[in-house]
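K.L.:
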């Protein structure tokens, strides 16, 4: 999920989504606004995943 320099292998804006349900927030080098954006994306993804599970 991370390169040798400690930052995600994926690039902005999809860097927050890892594999197997692992997320990382705050590694976009975009300050507090980037952290907030990551947190919102992660929360939205979790809600969408839960909605899929509940609708099956």
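Residue numbers (the UniProt record's numbering): 1 to 56. From the three backbone atoms N, C-alpha and C, an ideal C-beta is built for every residue, glycine too.
1) Could you give the residue range of the alpha helix (DSSP H) that holds residue 48?
2) Is the Cβ-Cβ distance between residue 28 and residue 34 less than 7 Å?
3) Buried or exposed: where does residue 51 fall if 16 or more other Cβ atoms within 10 Å of its Cβ makes it buried?
4) If you run the structure through DSSP and keep just helix, strand and coil, what is residue 17?
5) By alpha-carbon positions, which one of 48, 1, 55, 54 ends up nearest to residue 23?
P.N.:
Straight from the coordinates:
1) 31-54
2) Going by C-beta atoms, residue 28 is nearer than 7 Å to residue 34.
3) Residue 51 should be labelled exposed.
4) strand
5) Ranking the options by Cα distance to residue 23, first place goes to 1.
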